[in-house]
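Sequential numbering of the sequence shown, starting at 6, is according to the numbering used here. We treat Cβ as the ideally placed atom computed from N, Cα and C, and that holds for glycine. On a predicted model such as this, the values are computed, not experimentally measured, just so you know.
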Amino acid sequence: MRKLIISLTAASALALTAVPTPGLTQTPAASTARISVVGLNLATPADAAKFAARINATAEDVCHDMARGNPHGAFTMAGCKVAVRQQAMSQLSKDQRRSLRIASRANAVALASR
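Okay, here's the thing in structure tokens:
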């Protein structure tokens with residue numbers, strides 16, 4: 006009898022996971038955040054680092070808000086932060102992305118020369 010109850014419990018648990026539940030399957034409302042590039046020259050390593058810090062701080066805030074609003078969410082904090090960074094980078098203009106590449110190369114050359 007004990008095995009039957011365990012089997013039925015496992016079967017019902019699996020069946021419940023297959024049935025979509027409104028509220029659990031809906032994604033939370035997307036958080037919106039703004040990251041300012043005003044006053045930054047993204048071609049310089051120092052300003053590129055400031056911009057990266059702003060992205061990281063925003064990613065931290067957005068992902069914590071999503072985690073709080075959806076405790077059973079099917080996402081990881083690391084994955085959420087990567088998505089925020091990708092979204093921020095996709096919002097930059099072509100010239101801004103090129104400036105960031107220049108800054109990353111300049112930083113790599115400075116480290117290599119030490």
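Next item on the list: Out of Leu45, Pro50 and Ala62, state which residue places its alpha-carbon closest to the alpha-carbon of Val87.
Entry: Ala62
Handout entry: In chain order, each alpha helix (DSSP H) run of at least 4 residues that lies wholly inside the region 37 to 115
Key = 50 to 74 and 82 to 96
Notebook entry, point to check: In terms of alpha-carbon separation, which member of Cys68, Thr49, Ala58 and Thr81 lies closest to Asp101?
Noted result: Before going on, a small fix: residue 101 reads as Gln here, not Asp. Comparing Cα positions, the closest option is Thr49.
- Query: In angstroms, rounded to a whole number, what distance separates the CA positions of Ala54 and Thr37?
  - Reply: 22 Å
>> Relative to the C-alpha of Arg90, which candidate in Asp52, Val43 and Asp66 has its C-alpha closest?
In response: Asp66
So is Ser109 buried or exposed if we call it buried at 16+ other beta carbons inside 10 Å?
Using a 10 angstroms sphere on the CB of Ser109, the tally of other CB atoms stays under 16, which defines it as exposed.
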